Amino acid sequence: MDIDETMNTQSSELIDSQMETEEPSVLEFSQSLIGTPKAIKAGELQTLLKALHEQLKDLDQNVDKDSLKTVTQELIHKQIMKSPNKTVKALAACCIADIIRLHAPNCPYTLNELKNIFKFFVDQLSYFGKNTPDFPYHFYLLENLQSVKTFLLLSEIDNAEDVVFPMVAEFFDVTAKATLPRNVELCMTDVLIQIIEDVNILGQEMTELILEQFDRFDKGSKNPAYLMTLDICYACAGSLQRRVCQYFSDILLSVSSTSSDQSDDLDEVKKAHHLMRKVNTVTPDLLLNAMPLLQEEMKVDHMSIRQLATETLGEMFAEESSNVAEKYPNIWKTWLGRRNDKAQSLRVKWLEACVDIYKHHPESVPELIECFKEKFTDPDDKVRATACKIMRDIGIENDSASMDKDLVELVGARAKDKKNVVRVEAMATIGTIYNNCYQRIMANDRVVIEKVGWIPDLVLSCLYLGDLSVQANIESILQKYIFPENDNDAERTERLVVVVDSLKEKQRIAFLALLQKQKLFNENMLTYVEMCENHMDNNDVSEHDATKADEFMKYLAARFADKARTFNALRSFLSRENDKDIKLLRNAIDLNRTYKQVYAAMNKLLANLNDDQSAIVDIFQSILYRACPLILNKSNIAHLLKMTKTGKGRRANATTQRSIVAQKILSDMSTVYPSMYANNLKDIISEIMSDNDSTADEGLQLLAEISKASVGEMKFQNNLVERLTAYVSDGSVEQATHAATALAAMDNAELVLAEAVADWSDDFYLNSPALLNRLASFAQIALYTPSLIHPHIASLIQFVEEDLLNAKTKEINNPNDEWSSYEELPEQSRQKLTAVRLLVNYLTACKDLTEPEEFVVGKIFAILWKLMDITCESAITDKTNAAEASHLRLGATQSIVKLTEFTRYTSELTVPKFEKLSVALQDSCYYVRQEFAETLMKGLQSGQIHSRYYTLLFICAHEPELSLLRQVKSFVQKRLSVMEVKQGESSVVDSSLVRLIHLLAHHPDFTEAVDDLNDFGLYFRFFISCVATPDNVSYLYHIVQQIKISKDMVDESLSKNSYVLSDLACLLIKTKCNDASWPLNAFGGRVSLQSRLYHTLPAGVVQAETIKKNYLPKEFLTKFEEERKHKSGEKRSRSNVSVGNKKVKV
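For the record, in the sequence shown the residue sitting at position 376 is 376 according to full-length UniProt numbering, with numbers rising by one throughout.
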């Protein structure tokens, strides 16, 4: 073959730049390399080849080609190329490489010969990495082929990849062992680049081999095979792109185009995606043509494929050095659209993928934020929870300037989500944000305060949801993020003040309520600790004691959402009988321990539990967060007292404001945890004895609260008693109240104050300038030392009833408003209200005493019942203060409810009088209705008032203020949700329907007129909407039916009213069952009605007639059915319109 004809295309690349035009050199090698008839011995042949090699490597291309002819052909003789001697072959390969070099740009071999030569070269190059003395020859060969670019000749050979692939594979394998010199690795890399880039040899196997290296090694690996792969990809990106795309296309499209869920197919796709991610991290250009494949995958019906593509692209976009989003804007847009994918799991994965994108690519943040905002209202709770969680992960608070307040507020809104999993994540996120921003808030950074300073307020507002799981979550967030662990008492106290200062009034009330609940739970846990200690000491626990212990633990567990787990945790700890841990629990909840001591005991206890009872650790953490004095601790007091003095005497600024807040916290602490002040009593008394009025006022308030908690125990020195007495005599109303409280609650108050009380009682006349002070002081003395009031009670009652309450308080406003705050009332109105409080406090204090005589009790109750009849209408007519009338009505009603809960006074609440209390819930003044409803709800929730008062709440059915109506309904429903009602039994709320019917039967507005019955039906509709469920509706229907076979025990002549209302209630219950598709089955249990309300009629004809007869007027029934048909027709019409207009989402 004429080499000029076949190799001209390669001439430009094979020309030696050092070729000279001098006289050609000649190969001076005359020996033959081929033996005849036998081959030359290996040793001798080696010598010859070495000599030849030494000459050839020194020759340049200006050699006489004729002098090369003999060796050119002899070197490819089978005696040499198939010699068993490795050194012979290695030398021969070097010589052949030089022959090709010297003949460039022509080739002295035919294509077939050349193909065999390259196979021969490949075979020799496979010895790298093996322990052989021929390494220098192998390296010479490699370097020669690389520098001369001999592999370009492969372009003329058929199936060249088959020839060269073993060498490529060997190169990767041997370099992976990391045993070769760096120059060898570089030569190999260059050879492979030549093969791919210049010769265009890049088949499927070669592509897979290159991509395989990304699977073998991770980003950052120093392995030579990985580094060689990277060099090849960087140098040959253009050549590789199409092949790489084809590789991934074959895998991805074959699966994504089907709906197959076979694990083998999916595993292959997952591997391909994993590989794409790894390639993208180092050589993203390689995926130029493959990226659209991922875009298409995000659109397929196969959910697993869509999710995989979304995750893969998310990881690619998130790469710190990535510009994928910028480079492929359409793919980015498609990826953003996956946030609304129909698959919930994919939406979750999309959100999780956003975290690193947000962190690494600020240019994408605005788009992401808008997408996040949508996800907080996603229909799936897991998506909403994840949206909240990733806000914590991305650290949106790190840059306060760019922090999106709307985004933080949206997270905050999820703290009131209907699903607990969302609430937990939302609160953890906003808690984390607040904690991370606190130092900037502390530094008074207005931007940060405006954007996140409201977070504690929001957290505490969630208490109004009334959900047990929410309360536990709030307590956890407060301890972890709002008031995190900090041994520095001064810093912790300052943080407490900053947080409380940020609260609105409603949330400050909630915060105080939470602390009061924690104090009560703390007391319960002390009882539990004593129970644990007794259990350890008693080896033989009686069945009665075991049952009692179980009941108490159930009572504690009922305060948590997961009652069963909490009960089991408490019982498990009790059974553990570990005296060290019981002692740790006692120390952790001890109010007289410092913050450090409490935290140390708590953490040690949790660590001990984690060692052998890890299953109860999270439950006990919730228990301890509630029981341990951590938010308020005795360690705070000294620093709070210091802060109250710091801001005084200065102009209004942040320090002054914090001083005011510190004083409020001290006041709250004295109410909730008065025992914590034991070590600070000396300082408080010093403040009272000082001449600084404001300081003395604060001290008086604290001393009063401490005294309340230790009635009859405090012993005061004479100078303090004198100072307190002076405050009662000559101080302001507030000073007199606090001073009287401290004096009345001290040890030996009866002897010390007897003379002073007698002197003060002389001021009880209408024009006395000290009347309000005396009434306020006596109200406190009556509560804490009623024996001092006994001698004066008759004259006090006479003065209040005949003089004070009969005094006309002129209207001061025009118009004469029905309500104003207590502070805005005229002094005479405040005197009346304080006088009523005095009488009520006296009865409260005497509830367990023999005094006063019954006529005194009756007289005071008569005053209260009479006050309920004072109306705003009569006040306006008489031109007296209408707001005073409202306050008196409200105060009297609340006082009656309170007093009649005491055993001594229960007889004062007859059935008619109980029903009269309902009038307050239909008062003309909204504030009276609202305040009384609040009183009932608080009392029912805390268990301080009888369950009979649930009945009164349903009188709110006609409440014109929707907010109050919703509040009452929400309260009833939440109370029902936490009541434990055994199977087949009814709740106290269910049974209140009987009281409601009796109350309405005696209502002065009741008639059998159609319109009146419609009005009264609203009470039952409201009751049913609050109480009725598929589980209790049969019981409700049954007890209402029972009324029809009974007679009214209060007024038998009104029995028919009850029958009418019974039929009305039954009709509405059946209507509800029909509308809601509830079954109305016969109730199988036995029911007895309250004997004070109804008595069952004798069995017989009368009973049969009443139960059979429908007492509802025919006119009412006709109108009721017409309205039902009309509403049913309207409903069907709306339904048809809705179906006609319904849009189908494709």
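Just so you know, even glycine gets a beta-carbon here, dropped at the ideal spot from N, CA and C.
Computed from a prediction, not measured in an experiment: that's the story for all the values here.
| query | result |
| --- | --- |
| Could you check the C-alpha separation between LEU1036 and GLU915 for me, to the nearest Å? | 21 Å |
| Excluding the 5 residues flanking GLN507 on each side, which residues of the same chain have their C-beta closer than 7 Å to its C-beta? | ASP457, LEU460, SER461 |
| To the nearest angstrom, how far is it from the Cα of ARG651 to the Cα of LEU632? | Interpretation of ARG651 is limited by its pLDDT of 47, a score under 50 that renders its predicted location unreliable; the figure taken from the coordinates is listed afterwards. Whole-angstrom Cα-Cα distance: 29 Å. |
| Work out the CA separation of SER322 and GLN46 for me, nearest whole Å. | 56 Å |
| So, are the CB atoms of residue 1147 and CYS245 less than 8 Å apart? | The chain is shown only over 1 to 1146; residue 1147 falls outside these bounds and no answer can be derived. |
| Select from PHE128, ASN610, VAL122 the residue whose C-alpha is nearest the C-alpha of THR150. | VAL122 |
| Go ahead and label SER1091 buried or exposed: buried means 16 or more other beta carbons lie within 10 angstroms of its beta carbon, across all protein chains shown. | exposed |
| Of the residues LEU478, CYS1073, SER886, which one's Cα is nearest the Cα of GLN922? | SER886 |
| Which of the three DSSP states is assigned to THR377 in this structure? | coil |
| On a Cα-Cα basis, can you pick out the residue from HIS639, SER659, LEU287, ARG658 that is closest to ASN680? | HIS639 |
| Unbroken alpha helix (DSSP H) runs of length 4 or more, entirely within the region 637-680: which are they? | 654-672 |
| Do PRO852 and ILE781 have their CB atoms nearer than 8 Å? | no |
| Under DSSP, the beta strand (DSSP E) around TYR1095 begins and ends at which residues? | Checking the sequence, you will find His at residue 1095 rather than Tyr. Segment 1094-1096, the beta strand (DSSP E) holding HIS1095. |
| Between the region 103-111 and the region 83-94, are three or more C-beta pairs nearer than 8 Å? | no |
| With DSSP run on the structure shown, which of helix, strand or coil describes VAL26? | coil |
| Just to confirm my understanding: we take LYS1127, look at its own chain, exclude 5 residues before and 5 after, and list those with CB closer than 7 Å. What are they? | none |
| Put THR844 into one of helix, strand or coil per three-state DSSP. | helix |
| Hey, THR310 and TRP350 are a contact pair by Cβ (cut 8 Å); roughly how many whole angstroms apart? | 6 Å |
| For SER622, report the span of its beta strand (DSSP E) as first-last. | Unbroken run through SER622 is the alpha helix (DSSP H), 617-627; no beta strand (DSSP E). |
| According to DSSP, simplified to helix, strand and coil, what is LYS1127? | helix |
| Distance check for GLU698 and ALA845, CA to CA, integer angstroms please. | 27 Å |
| Flag this pair as yes or no: are the beta carbons of VAL279 and ASP265 separated by less than 8 Å? | no |
| Among GLN663, PRO284, MET669, which has the Cα closest to the Cα of THR695? | GLN663 |
| So the beta strand (DSSP E) ASP611 belongs to, where does it begin and stop? | Segment 595-612 is the alpha helix (DSSP H) holding ASP611; no beta strand (DSSP E) there. |
| Since TYR842 and PRO786 are thought to touch, with beta carbons under 8 Å apart, how far apart are those beta carbons, to the nearest angstrom? | 6 Å |
| When DSSP labels each residue in this structure, what does THR21 get in the three-state scheme? | For THR21, the predicted structure reports a pLDDT of 47, less than 50, and the residue's modelled location is therefore unreliable. A value from the coordinates is still provided. Three-state DSSP puts THR21 in coil, outside helix and strand. |
| With a cut-off of 8 Å, do at least 3 Cβ pairs link the region 887-895 to the region 923-931? | yes |
| Buried or exposed: GLN831, going by 16 or more other Cβ atoms within 10 Å of its Cβ? | buried |
| For a minimum of 3 consecutive residues, which ranges assigned as the beta strand (DSSP E) are wholly contained in the region 1001-1052? | 1046-1048 |
| Compare the C-alpha of ILE117 against each of MET714, ALA97, LEU478, ASP590 and name the closest. | ALA97 |
| Taking the alpha-carbon of ALA42 as reference, which of GLU28, TYR234, MET81, VAL26 has the nearest alpha-carbon? | MET81 |
| Which class does MET979 belong to by DSSP, given the choice of helix, strand or coil? | coil |
| Once DSSP output is grouped into helix, strand and coil, what is the label at MET937? | helix |
| Below 8 Å on the Cβ atoms is my guess for SER707 versus THR741; work out the distance and round it to an integer in Å. | 6 Å |
| Can you confirm whether the region 377-386 touches the region 416-426 when touching is taken to mean that 3 or more C-beta pairs between the two stretches lie within less than 8 Å? | yes |
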